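Below you'll find the structure, written out as structure tokens, and then a few comments.
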Amino acid sequence: MTQKANDTKAALLEYVLGVADDSLILGQRVSEWLGHAPAMELDIACSNLALDLIGQAQLYYEYAAKLQGEGKSADDLAFLRDGHHFRNHLLVEQPNGDFGQTIVRHYLFMMFHLKRSELLVGSDDKELAAIAAKTVRELEYHLRFSADWFRRLALGTDEGNRRIQDGLENLWSFTFEMFKDVPAETPLYEAGTVPRPSGIEAGWNAAVADLLQEADISPSARKAAPTKGRIAGHHTEHLGHLLAEMQFLQRAYPGLSW
Amino acid sequence: MTQKANDTKAALLEYVLGVADDSLILGQRVSEWLGHAPAMELDIACSNLALDLIGQAQLYYEYAAKLQGEGKSADDLAFLRDGHHFRNHLLVEQPNGDFGQTIVRHYLFMMFHLKRSELLVGSDDKELAAIAAKTVRELEYHLRFSADWFRRLALGTDEGNRRIQDGLENLWSFTFEMFKDVPAETPLYEAGTVPRPSGIEAGWNAAVADLLQEADISPSARKAAPTKGRIAGHHTEHLGHLLAEMQFLQRAYPGLSW
Amino acid sequence: TEDDAAFQERIDDDQFIEPKDYMPEAYRKTLIRQIAQHAHSEIVGMLPEGNWVTRAPSLRRKLILIAKIQDEAGHGLYLYSAAETLGVARDDLVQELHEGKAKYSTIFNYPSLNWADIGAIGWLVDGAAITNQIPLCRTSYGPYARAMVRVCKEESFHQRQGYELMMAMAKGSEAQKEMAQDALNRWWWPSLMMFGPPDAESTHTAQSMAWKIKRFTNDELRQRFIDATIPQAEALGLTVPDPDLKWNEERGHYDYGEIDWDEFWAVVRGEGICARDRIRDRVNAYEDGAWVREAAEAYAAKQNQKAAVA
Amino acid sequence: TEDDAAFQERIDDDQFIEPKDYMPEAYRKTLIRQIAQHAHSEIVGMLPEGNWVTRAPSLRRKLILIAKIQDEAGHGLYLYSAAETLGVARDDLVQELHEGKAKYSTIFNYPSLNWADIGAIGWLVDGAAITNQIPLCRTSYGPYARAMVRVCKEESFHQRQGYELMMAMAKGSEAQKEMAQDALNRWWWPSLMMFGPPDAESTHTAQSMAWKIKRFTNDELRQRFIDATIPQAEALGLTVPDPDLKWNEERGHYDYGEIDWDEFWAVVRGEGICARDRIRDRVNAYEDGAWVREAAEAYAAKQNQKAAVA
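Protein chains in written order, with my numbering: chain E, 1 to 258; chain V, 1 to 258; chain Y, 1 to 310; chain W, 1 to 310.
Structure, rendered in structure tokens:
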């Protein structure tokens with residue numbers, strides 16, 4: 001393989017890992033609600049969200065392992081990489097906060113992730129396209145669920161509105177990262193293998209602005225925080241704690257079957 | 001060595017590990033306050049408590065490693081055993097809760113631990129006696145500090161009194177374990193190597209009852225919970241989470257120097 | 001009364017009693033107590049398992065565990081619904097749980113301490129639950145019986161998954177096997193206690209049997225569970241922590257050692273090691289979530305109003 | 001005024017100004033702002049390090065880290081006390097911090113992401129702080145100068161410990177070396193920003209120099225730090241993330257690349273990646289601890305009353 005083909009393959013691996021990490025980390029966060037949700041019906045709903053996301057993570061990790069070609073398993077990729085090797089967006093690793101913040105996080109991310117996944121369905125990489133196609137239906141539900149609850153909480157009571165606004169302020173600075181093109185991915189954009197992140201921005205902005213207006217929530221004035229972000233392995237302090245817990249057994253008892 | 005001598009040595013190792021684990025786990029808990037204490041002066045005080053306890057843990061682990069004779073280090077014993085091998089009392093692994101619960105936990109444990117340590121100073125095991133002797137002065141401060149704050153909070157305001165009472169109710173059922181004699185330790189009691197836990201109970205009860213009365217706090221009616229406890233490696237659910245965090249680096253990057 | 005006689009006749013005839021049918025007040029109260037206790041157990045039971053969701057050691061195991069907990073939340077909801085057909089409100093039942101007035105299965109006041117506990121809970125706790133519940137699929141109150149059919153089906157599935165997890169641990173490394181044995185040691189006796197006090201001390205059994213709410217005594221069900229479970233433990237290569245356990249050729253059953261009923265009653269009284277944590281976790285979830293439920297209700301009311309005006 | 005002239009004469013004569021001495025209002029305000037900012041930095045600075053206390057990889061490292069954080073809390077207290085000699089209350093200063101009105105060093109709005117960050121913070125952040133602070137030991141306001149003497153002494157110790165930690169990582173396994181390099185990559189530029197904007201853009205420098213609150217300009221101190229630090233980085237075998245960095249024989253100093261001042265001003269404006277978390281953590285600590293402070297005050301008042309009556 002030429003150097004260029006090698007670089008492109010490496011970029012694709014990182015890209016797929018990024019989608020897998022996004023799904024796993026958000027699924028892990030949502031799963032923290034089990035047994036602690038505001039209503040039993042929401043325990044069930046959170047289980048659904050977590051099941052979808054972790055199931056999708058598994059598919060993407062399996063494909064990443066195949067691209068990598070080192071005989072690793074999906075579990076190896078999920079449980080044996082440290083924080084600076086995780087490629088998830090910083091938005092998804094933010095703590096649950098109250099249920100309002102969880103909903104805001106889910107909505108802001110899903111509006112991006114669904115659009116990204118829909119575009120991936122048209123990828124020239126048939127395997128990647130097939131995985132994305134399997135997820136779109138589930139992600140549509142995630143977007144609908146989170147938008148519904150966004151409205152319900154923001155328009156229901158003053159407290160609900162205040163908390164949704166507060167969640168938005170806490171998270172807004174992490175949304176900019178989703179639309180940053182990654183130089184190493186340029187050949188992938190050009191080949192139609194993966195969508196350009198920047199191409200999703202306008203549609204996302206319009207859709208989010210609509211919901212904010214509908215839900216009587218003010219746009220946040222917060223700017224992107226200065227960080228090289230996920231691509232450089234620069235996260236927030238929250239990811240390390242999440243991983244210490246998630247990876248404990250695989251780290252403490254290496255190389256076993258579970 | 002005879003079987004009996006071997007058993008006695010094994011029991012001593014477990015005993016020393018128990019004291020070390022008590023110190024480390026309580027020190028770890030107290031250290032969680034750093035940067036989050038109710039006043040800057042209390043950040044400093046909590047640092048002192050944590051420094052003393054973790055320093056003492058190190059001495060006891062070093063001695064345990066020597067007794068064990070497998071060439072392990074104090075760090076190996078602290079960072080590479082899983083929960084069911086930890087021998088700390090369940091009291092010290094309980095979460096910090098509010099600052100009142102932290103104070104109640106510290107007082108209840110220190111009233112036991114100081115008495116135990118004073119008795120260890122008279123041990124026929126000179127090395128163990130020397131370690132205990134180094135710690136007594138520090139532990140006297142811990143007991144005084146926690147008793148002072150117990151009074152201050154319980155007698156200061158109604159809210160303080162309510163919170164101290166609540167902390168006592170949360171923790172009381174874990175105090176009984178401290179006074180349980182351990183059958184395997186019988187030869188150690190008889191030889192005067194370590195004190196009989198049951199021998200500490202009456203003095204502890206009298207001292208604690210005095211403070212409760214002085215601080216206008218009602219005795220708790222809560223009973224010992226049915227559990228085989230620390231000796232069987234049966235803890236509460238809190239220890240596993242504490243260890244996942246504490247041991248992460250040693251688990252994720254085994255065998256390195258730090 | 002005449003009604004009571006007719007009611008008992010229907011029971012004796014193995015007919016289902018339905019919500020609108022006549023029933024004696026004592027029958028209704030017994031059912032509410034039992035169904036609510038069962039519903040609470042499903043909900044509190046999410047906690048010891050939830051304790052390991054974030055630490056599950058593989059993606060597959062994490063998915064299985066989340067799905068299991070989801071089923072439990074679902075069971076809780078069916079069962080509260082079944083109780084509501086008897087004229088109580090779920091919120092009131094939940095309130096009683098939070099105030100420590102209602103009971104739930106004592107087993108959930110034991111801690112889940114290592115990963116094999118997730119297997120042991122599925123294998124033993126769900127196993128014991130199913131043994132209790134299969135006869136409840138024919139219990140005399142229709143809505144309860146029908147809820148039980150669905151619950152039992154899902155729990156059989158959980159039980160097999162739990163056993164499969166135990167097998168992976170028991171046949172794994174030394175460390176895994178040690179965890180599996182440790183889990184069995186801790187969960188065995190509390191599982192036997194799930195069947196309730198011995199028949200001689202069981203206050204409700206006789207009347208519940210007459211009403212066909214119960215169809216077997218506590219001791220009968222306990223024996224059935226033990227007989228089914230011992231061969232499974234043997235297949236795992238694990239040791240059941242009961243030195244008195246042995247096959248009794250004559251009885252055609254396993255004999256087993258004395259259960260520590262003091263421990264059972266202590267846990268019933270709320271002295272279980274996790275009792276305070278469990279209730280606190282549920283109360284915190286409920287209180288922290290109050291604003292969410294209020295906002296959702298207010299929103300629904302506004303939408304209804306809009307629809308009415310339009 | 002005559003007072004002002006006499007004041008400036010004392011300054012020019014290198015005399016210390018003491019709390020009861022005359023001082024121009026602008027001097028007092030400048031000092032309060034600077035000392036408070038410095039105190040806030042010590043207190044907020046506990047957080048990125050506190051983030052690793054519970055995960056420190058050895059008992060020795062855990063002890064060192066706790067002791068360091070303890071010193072920082074102590075520095076915060078001295079500095080608030082020094083500010084109080086100028087007629088402000090610590091509580092009011094803390095209030096301004098919590099309301100986002102007061103500044104603290106921009107560096108603490110960057111996250112600590114791997115264990116080597118604890119080394120990098122000691123080596124670079126404390127190193128930059130000392131470079132800033134050594135001249136402050138001769139600053140014109142007596143209480144501030146004396147606080148700085150103690151702070152600098154302790155921080156030199158921290159700086160050496162941080163460097164030693166970096167050395168252990170940089171000379172350790174491949175994974176450790178990668179963490180060390182990653183930490184240097186992330187902390188290098190923010191450390192250079194700790195000296196403040198370039199002299200041309202520094203609004204306070206000229207007056208502060210005249211008052212001998214400052215004795216060197218931002219750029220002078222930055223150059224001093226770079227010159228001292230580059231050989232240390234080389235000894236570690238790590239690469240400073242600045243392609244323009246090179247020794248300038250003529251100047252006798254290192255030349256260095258352009259600092260991203262947009263990033264600096266963004267962080268000053270409160271857009272740092274941890275800014276919301278840092279303030280929220282401090283506010284939560286303060287609010288959650290309110291009952292403790294109230295109880296302690298009430299208890300002290302009761303004790304005083306008792307003493308007065310007796």
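Don't be surprised by glycine CBs; every beta carbon is placed ideally from N, CA and C. Treat the numbers as computed from the prediction; the structure is a model and nothing was measured.
Residues bridged to Trp247/W [DSSP beta-bridge criterion]:
Tyr254/W
In chain order, what residues of the same chain have a beta carbon less than 7 angstroms from the beta carbon of Leu26/E, not counting five sequence neighbours either side?
Leu53, Val92 and Phe109
So with Cβ pairs under 8 angstroms, would you call Gln190/W a contact of chain V?
Reading off the sequence shown, one finds Pro at residue 190/W, where the question assumed Gln. So, not an interface residue.
Are any of the Cβ atoms in chain W nearer than 8 angstroms to that of Pro254/V?
no
Taking the beta carbon of Asp13/Y as the centre, do at least 16 other beta carbons fall within 10 Å, making it buried, or is it exposed?
Looking at its Cβ environment, which holds fewer than 16 other Cβ atoms inside 10 Å, Asp13/Y is exposed.
Residue environment, Gln95/Y, which counts as buried when at least 16 other CB atoms sit within 10 Å:
exposed
Other residues of its chain near Pro219/V: CB distance less than 8 angstroms, five sequence neighbours each side excluded:
Ala209 and Leu212
Taking any Cβ of chain Y, which residues in the segment 29-55 of chain E have a Cβ under 8 angstroms from it, in chain order?
Within the segment 29-55 of chain E, the residues whose Cβ lies closer than 8 angstroms to some Cβ of chain Y are Ser31, Glu32, Leu34, Gly35, His36, Ala37, Pro38, Ala39, Met40, Glu41, Leu42, Asp43, Ile44, Ser47, Asn48, Ala50, Leu51, Ile54 and Gly55, listed in chain order.
Under 7 angstroms Cβ to Cβ from Tyr256/W, same chain only, skipping five residues before and after it: list those, please.
Ile226, Asp242, Asp244 and Leu245
Indicate whether at least one CB of chain Y lies closer than 8 angstroms to the CB of Asn270/V.
An answer regarding residue 270/V cannot be provided, because it is not within the stretch 1 to 258 covered by chain V.
Relative to the C-alpha of Leu227/V, which residue among Val149/Y, Phe264/Y, Ala39/Y and Leu192/Y is closest?
Looking at the sequence provided, one finds Thr at residue 227/V rather than Leu. For the residues Val149/Y, Phe264/Y, Ala39/Y and Leu192/Y, the minimum Cα distance to Thr227/V belongs to Phe264/Y.
For the segment 185-200 of chain E and the segment 237-251 of chain E, state whether three or more C-beta atom pairs, one from each stretch, are separated by less than 8 angstroms.
no
What does Ala308/V touch in chain E if you count any residue whose Cβ is under 7 angstroms from its own?
Nothing can be reported for residue 308/V: it is not among the residues displayed for chain V, which extend from 1 to 258.
Which two residues bound the contiguous alpha helix (DSSP H) that contains Arg87/E?
Taken as a continuous stretch (DSSP letters only), Arg87/E belongs to no alpha helix (DSSP H), as it is neither H nor E.
For Ile265/V, the three-state DSSP class (helix, strand or coil)
The displayed coordinates of chain V run from 1 to 258. Any statement about residue 265/V would go beyond what the structure contains.
For Val136/V, is the classification buried or exposed, using 16 other Cβ atoms within 10 angstroms of its Cβ as the cut-off for buried?
exposed
State yes or no: is the C-beta of His98/Y within less than 8 angstroms of the C-beta of Arg276/Y?
no
Who are Ile17/W's beta bridge partners in DSSP?
Tyr141/W
Between Glu155/W, Ala73/W and Tyr141/W, which has its C-alpha nearest Ile121/W's C-alpha?
Glu155/W
Count the C-beta pairs between the segment 72-86 of chain W and the segment 76-84 of chain V that are closer than 8 angstroms, then say yes if the count reaches three, no if not.
With the cut-off at 8 angstroms, the segment 72-86 of chain W and the segment 76-84 of chain V do not touch.
The segment 76-92 of chain V: positions lying closer than 8 angstroms to chain E by Cβ
Asp82
Enumerate in chain order the residues of its own chain whose CB-to-CB distance from Asp4/Y is below 6 angstroms, with the five nearest sequence positions on each side excluded.
Pro24
Counting only runs that start and end within the segment 76-133 of chain W, where is the alpha helix (DSSP H) found for 4 or more residues in a row?
90-98, 116-120 and 126-133
Kindly list the residues whose CB is nearer than 6 angstroms to the CB of Ile43/W, restricted to its own chain and excluding five residues on each side of it in sequence; keep chain order.
Gly76
Cβ shell of Arg215/Y (< 6 angstroms), same chain only, five flanking positions each side left out
Pro135
Kindly indicate which residue of Thr217/Y, Leu192/Y and Asn248/Y has the alpha-carbon position closest to the one of Glu201/Y.
Thr217/Y
In the DSSP assignment, find the unbroken alpha helix (DSSP H) run with Val182/V in it and report its ends.
Element bounds for Val182/V: n/a, residue is neither H nor E.
Under a Cβ-count criterion, where at least 16 other Cβ atoms within 10 Å of its own Cβ denotes burial, should Val149/W be classed as buried or exposed?
exposed
Which word fits Asn304/Y, buried or exposed, when buried means at least 16 other C-beta atoms lie within 10 angstroms of its C-beta?
exposed
Under the assumption that Lys212/Y contacts Ile11/Y (Cβ atoms under 8 angstroms), give the Cβ distance between them as a whole number of angstroms.
5 angstroms
Does the pairing of the segment 282-299 of chain Y with the segment 143-161 of chain E give three or more beta-carbon distances under 8 angstroms?
yes
When the cut-off is 8 angstroms and only beta carbons count, does His241/V lie next to chain E?
The C-beta of His241/V comes closer than 8 angstroms to at least one C-beta of chain E.
Check the Cβ of Ala266/Y against every Cβ in chain V and list those closer than 9 angstroms, keeping chain order.
Lys223, Ala224, Ala225 and Pro226
Starting from His46/E and walking both ways along the alpha helix (DSSP H), at which residues does that stretch end?
One detail in the question is off: residue 46/E reads as Cys in this sequence, not His. Note, Cys46/E: alpha helix (DSSP H), Met40 to Gln68.
Taking one C-beta from the segment 160-180 of chain V and one from the segment 64-76 of chain V each time, how about it: are there three or more such pairs within less than 8 angstroms?
no
Here's the rule I'm using: 16 or more other beta-carbon atoms within 10 Å means buried, otherwise exposed. How should Tyr318/Y be labelled?
The question about residue 318/Y has no answer, for chain Y in this structure spans 1 to 310.
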